[in-house]
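J.: Questions regarding the structure given below will be posed in turn.
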Amino acid sequence: MKVIAVVSAKGGVGKTTLAANLACVLAAGGRRVIAIDLDPQNALRLHFGVPLDSIDGLSRATLTGDPWQTVLFDGLDGVTVLPYGAVLEDDRRRFEALVDQDTHWLAQALQNLRLDPSDVVIIDTPPGSSAYVRAALSTATFALNVVLADAASYAAIPLMERLIDSYATPRAEFGGVGYVVNQIDQSRQLTKDVLKVLRQMLGTRLFPGVIHLDEGVSEALACDTTLIHYDPLSQAAADFRACGAWLMTAVDAIAVSPRSVA
Ligand SMILES: Nc1ncnc2c1ncn2[C@@H]1O[C@H](COP(=O)(O)OP(=O)(O)O)[C@@H](O)[C@H]1O
Ligand SMILES: [Mg+2]
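So in our numbering, spot 223 of the sequence shown is number 223, and the numbers just go up one at a time.
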């Protein structure tokens, strides 16, 4: 099993959008994909047609000791979705304390899913530092850092790099970090300038393409689906497919250690 943590220092950059669309792309390529939502916003499921009034998810299942298998949804386009779930504030705090205390919680829960070595787990996370991001980075085979081509995103890159260095890099099974620039509007000079700086700074760690700004992304969400499903011929859908191919090349090159196969 390969575990991809989708992370960013800043919010609203498109982590959830990217996690959902990449999950779709990889599933279309024949992989078994489990999309896991570690963000209390519980928004990843909205891209996969999980009913809005459904409260089930991994937070409550973990607190009650129910197996995660009981809260897996067969999402659209062959993606298996594990929502965060809707919980009351007290339960959210109890769950967060549990996630924070037990470093191996996520690895253990994934192991209990008994996935195959070729399966891909994509984990959506909240922005910045949190118990959830620490758990995801402590379990990931690969970290995908989503950034915008703006000054705030650029300035925040070191924050996520520090988190990756602390929680992911020291582990033998961690295969590295990739960067994706989202919401690109090529008509803006500032965008072009920041992109140039990012390419110089990140080199081969940066996805060579970009994900274009596309209003179809929010239209797709309004229709409970991904852009890949909603408008497969759009520019951004082509971007997501190219990004998925790049991501899988990077991830498949990572040697699977005995621990992550077990
Ligand atoms: N490539 C894109 N083109 C247009 N809108 C986008 C794109 N990517 C994300 N968005 C929009 O930006 C907002 C934030 O995206 P989201 O995936 O929720 O970010 P995050 O998970 O990082 O907070 C949403 O309204 C989403 O529809
Ligand atoms: Mg999100």
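Positions of the beta carbon are idealized from the N, C-alpha and C atoms, including for glycine.
#1: For the beta strand (DSSP E) holding Lys192, just list the boundary residues, first then last.
#2: Judging by CA-CA distance, which residue of Ala131, Lys2, Ile211, Leu144 is the nearest neighbour of Ala242?
#3: If you follow the alpha helix (DSSP H) that Leu247 is part of, which residue opens it and which one closes it?
#4: Would you mind reading off the limits of the alpha helix (DSSP H) that contains Asn112?
#5: Do Phe48 and Ala20 have their CB atoms nearer than 8 Å?
#6: Looking at C-alpha atoms only, which residue of Ala151, Ser138, Ala220 is the closest neighbour of Leu163?
#7: Does the Cβ of Gln270 have 16 or more other Cβ atoms within 10 Å, making it buried, or fewer, making it exposed?
#8: Pull up the CB-CB distance for Leu110 and Val121, whole angstroms please, since I reckon it's below 8 Å.
#9: Please report how far the alpha carbon of Ala9 lies from the alpha carbon of Ala143, in whole angstroms.
#10: Helix, strand or coil, according to DSSP, for Ala262 in the structure here?
#11: So, using beta-carbon positions, are Arg45 and Val87 closer together than 8 Å?
#12: Can you tell me whether Tyr167 is helix, strand or coil according to DSSP?
#13: Please give the ranges of any beta strand (DSSP E) in the region 59-143, keeping only runs that are unbroken, at least 3 residues long and fully inside the region.
T.: In short:
#1: Run containing Lys192: none in the beta strand (DSSP E); it sits in the alpha helix (DSSP H), 189-202.
#2: Ile211
#3: 235-252 is the span of the alpha helix (DSSP H), which, as asked, contains Leu247.
#4: For Asn112, the enclosing alpha helix (DSSP H) stretches over residues 105-112.
#5: yes
#6: Ser138
#7: The chain is shown from 1 up to 262; residue 270 falls before or after that span and cannot be answered.
#8: 6 Å
#9: 12 Å
#10: For Ala262, the predicted structure reports a pLDDT of 35, less than 50, and the residue's modelled location is therefore unreliable. A value from the coordinates is still provided. Ala262 falls in the coil class under three-state DSSP.
#11: no
#12: helix
#13: 79-82, 120-124
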